[in-house]
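A quick write-up on the structure given underneath.
There are 2 protein chains.
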Amino acid sequence: MTVGIRDVARAAGVSTATVSRALGRGPVSDALREQVEAAVRATGYRPNLSARRLRSQSAQTIGLIVADIRNPFFTAVSRAVEDAAFASGMRVILCNTDEDPAREAMYLRLMEEERVTGVIFAPTKGTADSLRDRPLGFPVVLIDRTGPPGTHDSVVLDNPAAGAALVDHLVAQGYSRIGGLFGSTSSTARERRAGYEAAIARHGLTPAIRTVAPNAEAAEAEARRWLGAEDRPEALVLSNGLILMGAVRAARAQGLAIPRDLALAGFDNEPWTDLVEPGLTVIEQPVAEIGAQAMRLLFERIESPEQPVRKVMLSGRMIARGSTQAR
Amino acid sequence: MTVGIRDVARAAGVSTATVSRALGRGPVSDALREQVEAAVRATGYRPNLSARRLRSQSAQTIGLIVADIRNPFFTAVSRAVEDAAFASGMRVILCNTDEDPAREAMYLRLMEEERVTGVIFAPTKGTADSLRDRPLGFPVVLIDRTGPPGTHDSVVLDNPAAGAALVDHLVAQGYSRIGGLFGSTSSTARERRAGYEAAIARHGLTPAIRTVAPNAEAAEAEARRWLGAEDRPEALVLSNGLILMGAVRAARAQGLAIPRDLALAGFDNEPWTDLVEPGLTVIEQPVAEIGAQAMRLLFERIESPEQPVRKVMLSGRMIARGSTQAR
DNA sequence: ACAGGTTGTGAAAACGTTTTCAGTATCGGC
DNA sequence: GCCGATACTGAAAACGTTTTCACAACCTGT
Numbered sequence: 001m002t003v004g005i006r007d008v009a010r011a012a013g014v015s016t017a018t019v020s021r022a023l024g025r026g027p028v029s030d031a032l033r034e035q036v037e038a039a040v041r042a043t044g045y046r047p048n049l050s051a052r053r054l055r056s057q058s059a060q061t062i063g064l065i066v067a068d069i070r071n072p073f074f075t076a077v078s079r080a081v082e083d084a085a086f087a088s089g090m091r092v093i094l095c096n097t098d099e100d101p102a103r104e105a106m107y108l109r110l111m112e113e114e115r116v117t118g119v120i121f122a123p124t125k126g127t128a129d130s131l132r133d134r135p136l137g138f139p140v141v142l143i144d145r146t147g148p149p150g151t152h153d154s155v156v157l158d159n160p161a162a163g164a165a166l167v168d169h170l171v172a173q174g175y176s177r178i179g180g181l182f183g184s185t186s187s188t189a190r191e192r193r194a195g196y197e198a199a200i201a202r203h204g205l206t207p208a209i210r211t212v213a214p215n216a217e218a219a220e221a222e223a224r225r226w227l228g229a230e231d232r233p234e235a236l237v238l239s240n241g242l243i244l245m246g247a248v249r250a251a252r253a254q255g256l257a258i259p260r261d262l263a264l265a266g267f268d269n270e271p272w273t274d275l276v277e278p279g280l281t282v283i284e285q286p287v288a289e290i291g292a293q294a295m296r297l298l299f300e301r302i303e304s305p306e307q308p309v310r311k312v313m314l315s316g317r318m319i320a321r322g323s324t325q326a327r
Numbered sequence: 001m002t003v004g005i006r007d008v009a010r011a012a013g014v015s016t017a018t019v020s021r022a023l024g025r026g027p028v029s030d031a032l033r034e035q036v037e038a039a040v041r042a043t044g045y046r047p048n049l050s051a052r053r054l055r056s057q058s059a060q061t062i063g064l065i066v067a068d069i070r071n072p073f074f075t076a077v078s079r080a081v082e083d084a085a086f087a088s089g090m091r092v093i094l095c096n097t098d099e100d101p102a103r104e105a106m107y108l109r110l111m112e113e114e115r116v117t118g119v120i121f122a123p124t125k126g127t128a129d130s131l132r133d134r135p136l137g138f139p140v141v142l143i144d145r146t147g148p149p150g151t152h153d154s155v156v157l158d159n160p161a162a163g164a165a166l167v168d169h170l171v172a173q174g175y176s177r178i179g180g181l182f183g184s185t186s187s188t189a190r191e192r193r194a195g196y197e198a199a200i201a202r203h204g205l206t207p208a209i210r211t212v213a214p215n216a217e218a219a220e221a222e223a224r225r226w227l228g229a230e231d232r233p234e235a236l237v238l239s240n241g242l243i244l245m246g247a248v249r250a251a252r253a254q255g256l257a258i259p260r261d262l263a264l265a266g267f268d269n270e271p272w273t274d275l276v277e278p279g280l281t282v283i284e285q286p287v288a289e290i291g292a293q294a295m296r297l298l299f300e301r302i303e304s305p306e307q308p309v310r311k312v313m314l315s316g317r318m319i320a321r322g323s324t325q326a327r
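So the protein lines, in turn, are chains X and U. Just so you know, we're using full-length UniProt numbering here: the first sequence kicks off at 1 and counts up by one. Just so you know, we're using full-length UniProt numbering here: the second sequence kicks off at 1 and counts up by one.
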């Protein structure tokens, strides 16, 4: 029924070995190569990737496991990864875990079964920690989040610095009762929180921290409670774009004017953050750079598996907008 | 090196056939099944999916080819598709074409080479038209966009009705010089435009139409030109969420107040559309339903390949917000 | 007690490629 | 004119599974 390499071989009057070589790279005379190419066109042959991968023991595929495909940060990173992969003739399998450890485990198993060449992974905290003891058949590069130092290559933002920068900015703008609402599932949120705490301490202020599942709905609910409470802060630091959106919604719901009643400073320069009124002060992440660096680390790890573990730390860029106007 | 089914068989003291049957569905005694499972755990065996697919001639994989992964409409649909696929024990390969026919062709070829079970596809107009003459080894369900009637199953919004509904709403709110800015690459934009034109004609108004690449940057540039021209419309209909965002940016850039100087009505109830001031009137698409229906059509087509082509048309829901306030 | 299932099992074939191995021309250098 | 490379080619093995085939063991109804 379906046309295979033997059909092409027969049509071209050569052996299957020659067809294989003509299609891949192998020594084939120009004459035969042309015959083969003609036969491929004539028969409409499509190589069977499963067979090719099985025999060649090389999937030419990298897995990209992200925590939330709705988060524009991850879609932006994934585009960069995909571009780099295609430039190297590799396929990408994109997986979305929804910050769910069970789905992370499932996808890691899937990657093993696919015998992928390598994986780029944004794990939840628990998985990141246990990754050290989990033997996997492929190299892993962590993005956005890391586990214990020294286990896997990684590329992350300088989160402590970024968290501190937001606090410093808010202090400079005249705010002092500065709260922080951080995601509960990632090392990244922890690091941003650590930067927040350090800066708060440095300025001699009192920290006020709440933790929440990193999605807009949970963040809105928690922020509403907080903003309705007596100890309502004057300003809020939000640890990612989804939480930032939740906070904006909560402020609206509570009838608080930004920045008069509540200043906001968060992460991820998403397209909508300068469309709302006032614009939102954010740390912009170098998303394309993160994806590209992750692919570079992965390729270099595949090239030389025994080299020491590396961690690439990139700086964010603060974009000050109306939401943190001086009071 | 890597542990295969023969190693498991040896460890369990059975044949490879028995291991295969114990892992899949096949008649195996309980005693042996347990032995096999123990051996799997002991050896850390992971089945090789390439080998499995090659032998069983079934990829258990569906391809999902979307036009723009940055468009929240497609990420939402893809989540629904993925959920349905996993519920049926299938994998999903997610591909992003960027509205580029060359990438569409590349991904279609990839799907052939992967021998996928089926494909869900949001094609550009040119590709949708030529799809009829392109023999593919798998069933295809078109989403969001269609080609010539009767060639492939599809699930789409009732776009003409939705386009007309926006015009009707604007007319009811007192606007009469209503322009339309539509995407250039999809059948969907065409249908929305047809609905716009029909409604404009029905109200005895004059149509004013511009066409643009369906991304925020191109839309903003075109809208800026238009809004700076003498024949600036009082209201604008925008054919998707990205174009809507471009229009908002253009209005801001030209210093036009919404809705006083310019009313806006668009598509896709994205999270930010009610965060901007004023909120934007949009047609909300039943994204989860679109994904679920597409999977249903695909499965039923796989089940019975010869059944007549079906087209599922879903209705959008208009959400009126401040951007179309009565004047 | 026997024919005719039914159930469980293993040996071996098969899936569609790539790669190894061996072989045949051809070539350059003596 | 011979010898060792070099370049190309085909036959067959190999990749890791699932599936077919054959068969043995056990039922079930007469």
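Beta carbons: idealized from backbone N, C-alpha and C, even for Gly.
Does any CB atom of chain X fall closer than 8 angstroms to the CB of residue i?
| i | result |
| --- | --- |
| G137 of chain U | yes |
| S50 of chain U | yes |
| residue 329 of chain U | What the structure shows of chain U is the stretch from 1 to 327, and residue 329 of chain U is not part of that stretch, so it cannot be assessed. |
| M90 of chain U | no |
| M318 of chain U | no |
| R79 of chain U | yes |
Which residues share a DSSP beta bridge with residue i?
| i | result |
| --- | --- |
| K125 of chain X | BP columns for K125 of chain X are empty, so no partner. |
| D153 of chain U | U:V141 |
| M318 of chain X | X:I283 |
| G118 of chain X | X:I62 |
| V3 of chain X | V3 of chain X is not bridged to any residue. |
| R91 of chain X | X:T61 |
| T211 of chain X | X:F182 |
| L238 of chain U | U:L181 |
| F267 of chain U | U:I283 |
Looking at the C-beta of residue i, does it have a partner C-beta in chain U at a distance below 8 angstroms?
| i | result |
| --- | --- |
| T75 of chain X | yes |
| A165 of chain X | no |
| G295 of chain X | Per the sequence presented here, residue 295 of chain X reads as Met, with Gly not at that position. Not one chain U Cβ lies under 8 angstroms of M295 of chain X. |
| T2 of chain X | yes |
| L94 of chain X | yes |
| A216 of chain X | yes |
| I69 of chain X | yes |
| M313 of chain X | no |
Please list, in chain order, the chain X residues whose beta carbon lies closer than 8 angstroms to that of residue i.
| i | result |
| --- | --- |
| V276 of chain U | W272, L275, V276 and E277 |
| L54 of chain U | N48, S50, A51 and L54 |
Applying a beta-carbon distance threshold of less than 9 angstroms, which residues of chain X neighbour residue i?
| i | result |
| --- | --- |
| V248 of chain U | L275 |
Give a single yes or no on whether residue i has its beta carbon closer than 7 angstroms to a heavy atom of the ligand ZN.
| i | result |
| --- | --- |
| S50 of chain U | By its list of ligands, the structure shown contains no ligand whatsoever, and the ligand ZN lies outside what it can speak to. |
Considering only residues of the same chain and omitting the five flanking positions on each side of residue i, which have a CB-CB separation below 6 angstroms?
| i | result |
| --- | --- |
| E182 of chain X | Looking at the sequence provided, one finds Phe at residue 182 of chain X rather than Glu. Once the five neighbours on either side are set aside, the close Cβ partners of F182 of chain X are A189, R193, T211 and S239. |
| L131 of chain X | G147 |
| R327 of chain U | G174 |
| A288 of chain X | A80 |
What residues of chain X sit near residue i, judged by a beta carbon separation below 7 angstroms?
| i | result |
| --- | --- |
| residue 333 of chain U | Shown here, chain U extends from 1 to 327; a query on residue 333 of chain U therefore has no answer. |
| R132 of chain U | Going along chain X, no residue has its Cβ under 7 angstroms from R132 of chain U, so there is no contact; the nearest lies around 17 angstroms. |
CB-CB under 8 angstroms to residue i, same chain, minus the five flanking residues each way: which ones, in chain order?
| i | result |
| --- | --- |
| S20 of chain U | I5 and G26 |
What does residue i touch in chain U if you count any residue whose Cβ is under 8 angstroms from its own?
| i | result |
| --- | --- |
| A223 of chain X | Here the premise fails: no neighbours, minimum Cβ distance about 14 angstroms. |
Within its chain, find whatever has a CB closer than 7 angstroms to the CB of residue i; leave out the 5 residues flanking it on each side and keep chain order.
| i | result |
| --- | --- |
| E220 of chain U | G246, R249 and A250 |
| S15 of chain U | A9 |
| A11 of chain U | A39, A42 and T43 |
How many whole angstroms separate the CB atoms of residue i and residue j, which I take to be in contact at a CB cut-off of 8 angstroms?
| i | j | result |
| --- | --- | --- |
| I62 of chain U | L298 of chain U | 7 angstroms |
| I258 of chain X | S323 of chain X | 5 angstroms |
| V156 of chain X | M313 of chain X | 6 angstroms |
| V66 of chain X | A128 of chain X | The Cβ separation is near 14 angstroms, so there is no contact. |
| L293 of chain X | G316 of chain X | The sequence as given places Gln at residue 293 of chain X; Leu does not occur at that position. Not confirmed; about 14 angstroms, so no contact. |
| A213 of chain X | S184 of chain X | 6 angstroms |
| L94 of chain U | S50 of chain X | 19 angstroms between Cβ atoms; not a contact. |
| P160 of chain X | A201 of chain X | Going by Cβ atoms, the distance from P160 of chain X to A201 of chain X rounds to 13 angstroms, so no, they are not a contact pair. |
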